[in-house]
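**Q** Using this note's numbering, you'd call the opening residue of the sequence shown number 1458 and step up by one each time.
Beta carbons: idealized from backbone N, C-alpha and C, even for Gly.
Since the structure is predicted, the reported quantities are computational estimates derived from the model, not experimental observations.
This is the structure, below, for whatever I ask next.
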Amino acid sequence: MCLICDRIEMIRNGTNPYFVRELETGYVVIGDNQHFYGYSLFLYKHHGQIRELFELDREEKMKFLKEMSLVAEATSKAFGAEKMNYELLGMGDAHLHWHLYPRRKGDIENYGNNGVGPVWCYPFEKIYSDDNRPSSEELEAMKAKLSAELDKLI
Ligand SMILES: [Zn+2]
């Protein structure tokens, strides 16, 4: 089983503390680590054999993209992004899922090109450090903020 399927299974049995909202094509969750405050994900509902966005049939692809865009907009508004970054990777788990990063000036310190660059210019161990995991109170507050913005858009 893949990590994304594990997390979806937890959503379905009510044990995923990061779960925010179910949409038609996927699930909205808050990211485990919050160096990039507001980092959220949109997990496609199905695993199957699909590894690429372009392998979805057209109608499903458009729905998935539209919902992702709404989640990104809600994330941006909820957490005060200066700019959103979007990633659809899948080299680890080949299960379609969007990483949605609210970006702000200075958030990669002086890494990258003098502080300008993608999130992965910032050291992996700093992004995934245990000290930027939200407490359960912080997590509940984040979920409420994101949920309120989603309500306005959906
Ligand atoms: Zn999966």
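Listed in chain order, which residues are found with a beta carbon closer than 5 Å to a heavy atom of ligand 1?
**A** Any residue whose Cβ sits closer than 5 Å to a heavy atom of ligand 1 makes the list: C1459, I1461, C1462, H1504, H1552.
**Q** Between T1650 and F1511, which are expected to be in contact by the criterion C-beta below 8 Å, what is the C-beta distance as a whole number of angstroms?
**A** Since the first residue of the chain shown is 1458 and the last is 1611, residue 1650 is not available in this structure.
**Q** Beta carbon of L1546: closer than 6 Å to some heavy atom of ligand 3?
**A** In terms of ligand content, the structure shown lacks ligand 3 and carries ligand 1 instead.
**Q** Quick one: give me the first and last residue of the alpha helix (DSSP H) that M1458 is part of.
**A** Here residue 1458 refers to the residue found at position 1 of the sequence shown. Where M1458 is concerned, there is no enclosing alpha helix (DSSP H), given that its DSSP letter is neither H nor E.
**Q** Leaving out five residues before and five after G1549 in sequence, what residues of the same chain have Cβ atoms less than 8 Å from its Cβ?
**A** For the purposes of this step, residue 1549 is taken as residue 92 along the sequence shown, with counting starting at 1. Excluding positions up to five away in sequence, the list reads L1460.
**Q** Keeping to the same chain, check which residues put their C-beta closer than 7 Å to that of L1527; ignore five residues upstream and five downstream.
**A** Residue 1527 sits at position 70 when you count from the first residue of the sequence shown. Hits under 7 Å: L1610, I1611.
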